[in-house]
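Trainee: Supplied in structure tokens, the structure appears directly below.
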Amino acid sequence: MLIKIRRKHDVTENDTTGELVYRRRRDFIRASTAVAAGALIPGLMIPGNSNASIDFSAVVKSKYSVKQKKTSYEAITTYNNFYELGNGKKDPKINADRLKTSPWSITVEGKCNKPGQYHLEDFVSPYQLEERVYPLRCVEAWSMVIPWVGVELGNILKSIEPMSSAKYVEFHSIDDPENLPGQSRRVLDWPYKEGLRIDEAMHPLAILAVGLYGKELPNQNGAPIRLVVPWKYGFKSIKSIVKIRFTEHQPSTAWNTSAPNEYGFYSNVNPTVPHPRWSQKRERRIGEFFKRDTLPFNGFADEVSHLYRGMDLTKNY
Ligand SMILES: Nc1nc2c(c(=O)[nH]1)N[C@H]1C(S)=C(S)[C@@H](COP(=O)(O)O)O[C@H]1N2
Ligand SMILES: [Mo]
105 MLIKIRRKHD VTENDTTGEL VYRRRRDFIR ASTAVAAGAL IPGLMIPGNS NASIDFSAVV
165 KSKYSVKQKK TSYEAITTYN NFYELGNGKK DPKINADRLK TSPWSITVEG KCNKPGQYHL
225 EDFVSPYQLE ERVYPLRCVE AWSMVIPWVG VELGNILKSI EPMSSAKYVE FHSIDDPENL
285 PGQSRRVLDW PYKEGLRIDE AMHPLAILAV GLYGKELPNQ NGAPIRLVVP WKYGFKSIKS
345 IVKIRFTEHQ PSTAWNTSAP NEYGFYSNVN PTVPHPRWSQ KRERRIGEFF KRDTLPFNGF
405 ADEVSHLYRG MDLTKNY
């Protein structure tokens, strides 16, 4: 059911998860060595009263928004990658209620002065909610334009007071194999993990989103809180975050661990570096017929290319 036969160069909207093809092979090979569910990290959900009541009337527009036609709410919320909720693009919407978002807390660890467990409100309410209309470019060569509602990641991180030894930030998604149907299979090494270098995380374009189209984030889009890093491939924008850790060394991340030759740690959108199995030169904007050129850093080169000065992003992708 997962593997769809198609013409070689025809990446369609229904192309399920180029990201997954390699994994499936490895899954198969590793099936015999896979550990039992009991060895998985237990659920990280902690009881509390953190049912978010975010005031979406206080949202302001942002100068960082792009002026591109927004993808429809329907498409944004029915065509998703969220492997915890299934491998197909439609699965996350179908299985959305398997993600339990209330209560929700976020554990902060590592090299910072204010580690601990935070309620969602503590993360969000002190800061200005902004609408950020950003293109999202999946590594599978499709894209959307999404009007996120969120707060600048850097402002939140600063309030947790990272130490000078904090060179990276690591994020973990929810780990709840009892409820999340995708986690009963070792598609990835759960929980889903991502990471940024600290200066990337502090860049004003990076946000933690709690909504889209002026409303609460639907579960399939990573409720109640997810990262959005618009100049990187979509898989860096980790959903349903329960843990943030400051580290001295580059953290291991889910896709990079599963296929390091295909998914680099940085994974900035870069049309000149093909994925080993397909070109990244062009993309299909969901809802449009003709493909369009993919832009370096997904169109944000002026804002972010200085972060990578001196780095060879064709090797260190
Ligand atoms: N926890 C988690 N985060 C995730 C994913 C996932 O499977 N699990 N998929 C990633 C990928 S590959 C993409 S393209 C985007 C998709 O975000 P969207 O469904 O809101 O458009 O989420 C990213 N974040
Ligand atoms: Mo993706």
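So for the sequence shown, this note's numbering puts the first residue at 105; every next one is plus one.
For glycine and all other residues, C-beta sits at the position ideal for the given N, C-alpha and C.
1. Measure the beta-carbon distance from Ile-158 to Glu-320 and round it to whole angstroms, keeping in mind my assumption that it falls under 8 angstroms.
2. Could you tell me the alpha carbon to alpha carbon distance between Asp-406 and Pro-295, rounded to whole angstroms?
3. Quick check: what's the CA-CA separation for Glu-274 versus Lys-173?
4. Could you tell me the boundaries of the alpha helix (DSSP H) in which Lys-177 lies?
5. Does ligand 2 have even one heavy atom less than 7 angstroms from the beta-carbon of Phe-275?
6. Please classify Ser-269 as buried or exposed, where buried requires at least 16 neighbouring CB atoms within 10 angstroms.
7. Does Pro-355 come out as helix, strand or coil in the three-state DSSP assignment?
8. Consult DSSP for Ala-270 and reduce its assignment to one of helix, strand or coil.
9. According to DSSP, Ala-313 sits in a beta bridge with which residue or residues?
10. Among all residues, which have a Cβ less than 6 angstroms from at least one non-hydrogen atom of ligand 1, and in what chain order do they fall?
11. Quick one: is Phe-404 buried, meaning 16 or more other Cβ sit within 10 Å of its Cβ, or exposed?
12. Using the three-state DSSP reduction, which class does His-307 fall into: helix, strand or coil?
13. Can you check DSSP and say which residues form a bridge with Cys-216?
14. Would Lys-271 and Arg-301 be called neighbours here (beta carbons separated by less than 8 angstroms)?
15. Under the three-state reduction of DSSP, which class applies to Arg-202: helix, strand or coil?
16. Quick one: what does DSSP say Lys-211 is sitting in, helix, strand or coil?
17. In whole angstroms, give me the CA-to-CA distance for Pro-322 and Ser-288.
18. Which of the three DSSP states is assigned to Tyr-187 in this structure?
19. DSSP three-state label for Phe-401, please.
20. Taking one C-beta from the stretch 393-401 and one from the stretch 374-383 each time, how about it: are there three or more such pairs within less than 8 angstroms?
21. When the Cα atoms are used, what is the spatial distance from Arg-202 to Lys-193?
22. Given 7 angstroms as the limit, tell me if Glu-244 has its C-beta closer than that to any heavy atom belonging to ligand 2.
23. Are there 16 or more other CB atoms within 10 angstroms of the CB of Thr-361, so buried, or fewer, so exposed?
24. Based on Cα-Cα distance, which residue from Ala-245, Arg-349, Pro-230 lies nearest to Phe-394?
25. Using CA atoms only, rank isn't needed, just tell me which of Asp-416, Arg-330, His-307 is closest to Val-441.
26. With DSSP collapsed to three states, give me the class of Pro-196.
Mentor: Straight from the coordinates:
1. As a working mapping, residue 158 is identified with position 54 in the sequence shown. As a working mapping, residue 320 is identified with position 216 in the sequence shown. Taking the Cβ atoms as the reference, Ile-158 lies roughly 7 angstroms from Glu-320, within the contact range of under 8 angstroms.
2. For the purposes of this step, residue 406 is taken as the residue at position 302 of the sequence shown. For the purposes of this step, residue 295 is taken as the residue at position 191 of the sequence shown. Asp-406 and Pro-295: Cα-Cα distance of roughly 34 angstroms.
3. The residue you call residue 274 lines up with position 170 of the sequence shown. The residue you call residue 173 lines up with position 69 of the sequence shown. Whole-angstrom Cα-Cα distance: 32 angstroms.
4. Here residue 177 corresponds to residue number 73 of the sequence shown, with the count starting at 1. Note that residue 177 corresponds to Tyr in the displayed sequence, not to Lys. For Tyr-177, the enclosing alpha helix (DSSP H) begins and ends at 177-182.
5. Locating residue 275 in the sequence shown gives position 171, counting from the first residue. Checking every heavy atom of ligand 2 against the Cβ of Phe-275, none is found closer than 7 angstroms.
6. Translated into positions along the sequence shown, residue 269 becomes position 165. With fewer than 16 other Cβ atoms inside 10 Å of its own Cβ, Ser-269 counts as exposed.
7. Position 251 of the sequence shown holds residue 355. DSSP, reduced to helix, strand and coil, places Pro-355 outside both helices and strands of the structure shown, so it counts as coil.
8. As a working note, residue 270 is residue 166 in the sequence shown. Judged by DSSP in its simplified three-state form, Ala-270 adopts coil rather than helix or strand.
9. In the sequence shown, counting from the first residue as 1, residue 313 sits at position 209. Bridge partners of Ala-313: Gly-254, Arg-330.
10. Going down the chain, each residue whose beta-carbon is closer than 6 angstroms to a heavy atom of ligand 1 shows up: Glu-123, Asn-184, Asn-185, Phe-186, Tyr-187, Glu-188, Leu-240, Cys-242, Ser-277, Tyr-296, Asn-325, Gly-326, Gly-338, Phe-339, Ser-341, Ile-342, Lys-343, Ser-344.
11. In the sequence shown, the residue the question calls residue 404 occupies position 300. Classification of Phe-404: buried, given that the 10 Å Cβ count is 16 or more.
12. Locating residue 307 in the sequence shown gives position 203, counting from the first residue. Under the three-state reduction of DSSP, His-307 is assigned to coil, being neither helix nor strand.
13. Counting from 1 along the sequence shown, the entry for residue 216 is found at position 112. According to DSSP, Cys-216 bridges with Pro-266.
14. As a working note, residue 271 is residue 167 in the sequence shown. As a working note, residue 301 is residue 197 in the sequence shown. Closer than 8 angstroms, so yes.
15. Locating residue 202 in the sequence shown gives position 98, where the first residue counts as 1. Arg-202: helix per DSSP, three-state reduction.
16. The sequence position of residue 211 within the sequence shown is 107, counting from 1. The residue asked about is misnamed: residue 211 is Thr in this sequence, not Lys. It is a strand residue.
17. Here residue 322 corresponds to residue number 218 of the sequence shown, with the count starting at 1. Here residue 288 corresponds to residue number 184 of the sequence shown, with the count starting at 1. Straight-line Cα distance between these residues: approximately 22 angstroms.
18. To locate residue 187, count along the sequence shown from 1; it is residue 83. In this structure, Tyr-187 counts as helix in the three-state DSSP scheme.
19. Translated into positions along the sequence shown, residue 401 becomes position 297. Phe-401: helix per DSSP, three-state reduction.
20. Yes, the stretch 393-401 touches the stretch 374-383.
21. As a position in the sequence shown, residue 202 is number 98, starting the count at 1. As a position in the sequence shown, residue 193 is number 89, starting the count at 1. A straight line joining the alpha-carbon of Arg-202 with that of Lys-193 spans about 16 angstroms.
22. For the purposes of this step, residue 244 is taken as the residue at position 140 of the sequence shown. Indeed, a heavy atom of ligand 2 lies less than 7 angstroms from the Cβ.
23. Within the sequence shown, numbered from 1, the residue matching residue 361 stands at position 257. Thr-361 comes out exposed.
24. Position 290 of the sequence shown, counting from 1, holds the residue named residue 394. When each option's Cα is compared against that of Phe-394, the closest is Ala-245.
25. The requested residue 441 does not occur in the structure, where the chain is confined to residues 105 to 421.
26. Translated into the one-based positions of the sequence shown, residue 196 becomes position 92. In the structure shown, Pro-196 sits in a helix (DSSP, three-state: H, G or I).
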